[in-house]
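According to the working numbering, the sequence shown is numbered sequentially starting from 112.
The C-beta atom is built at its ideal place from N, Cα and C for all residues, glycine as well.
None of these values were measured; they are calculated from a predicted model.
Each remark here refers to the structure printed beneath this line.
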Amino acid sequence: GGGRGAIMQADPLYRCWEAVCDEAGGAVHTVYLSPCGHTFRQADAIRLSKLDNLILVCGHYEGIDQRFIDECVDEEISLGDFVLTGGEIAAMAVTDAVCRMVPGVLSDPECFEDESHFNGLLEYPQYSRPAVWHGRTVPEILLSGNHEKVRQWRRKQALRRTRARRPDMYEQLDLSSKQDEKLLKEMEAEDREQAGNPENMGAGK
């Protein structure tokens, strides 16, 4: 390639790719793990999980011959704005995120439906036993046994966490439902109350 590092040649990659496609019975959607790709998101994991077959190509050294990319690659994916020694770790992360979306891999869809990013929100805080640990208490509502109030609390906390930590995600949310409008009004009232009582800042609601 003329640069300082080795370039992976197109033909060996092509022959490997061709053999996999032949075994699959046709062209297979091919992803190249590259820092030049679009940032991988949960929506991509869900989309890719619906494919019957998937090829992940891992770059190494200085990368791979652009002609292979032009000939065989359908999309390029990056994990973020940083560089790894090779694409293997990125491929493992993508594989894990995609496979757990395939029906039957996890025992229950609820295992992931409330997780961060699945519905465009960061996940609400989680608590376990005991109810008091180092002077820190589990929010009373979680001990109430009222499942509907617990569900609303979780939704509200997810909204709060997303708004505070990922405003870019928060801005993309559709909060037009009556339930969300009600929760947003409650959040505004709570924010005003906390602003008037600084000592309550950080207290769980």
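For G307 and E186, the gap between their C-alpha atoms comes out near 51 Å. By the criterion of a C-beta distance shorter than 7 Å, R271 is surrounded in its chain by M298, once the five residues flanking it on both sides are discounted. Only residues of its own chain outside the window of five on either side were considered, and among them M119, Y143, L144, S145, G197, G198 have a CB closer than 8 Å to the CB of G170, listed in chain order.
With contacts defined by Cβ atoms closer than 7 Å, L190 and A201 form a contacting pair. When C-alpha distances from R178 are compared across L124, K293, Y172, K161, the shortest belongs to L124. Boundaries of the alpha helix (DSSP H) harbouring P123: 121-135, taken from the DSSP string.
The C-beta distance from E234 to A269 rounds to 6 Å, short enough to meet the 8 Å contact threshold. Unbroken alpha helix (DSSP H) runs of no fewer than 4 residues, entirely contained in the segment 207-257, are found at 221-224, following chain order.
Excluding its 5 nearest sequence neighbours in each direction, I180 has C-beta neighbours in its own chain below 7 Å: Y143, listed in chain order.
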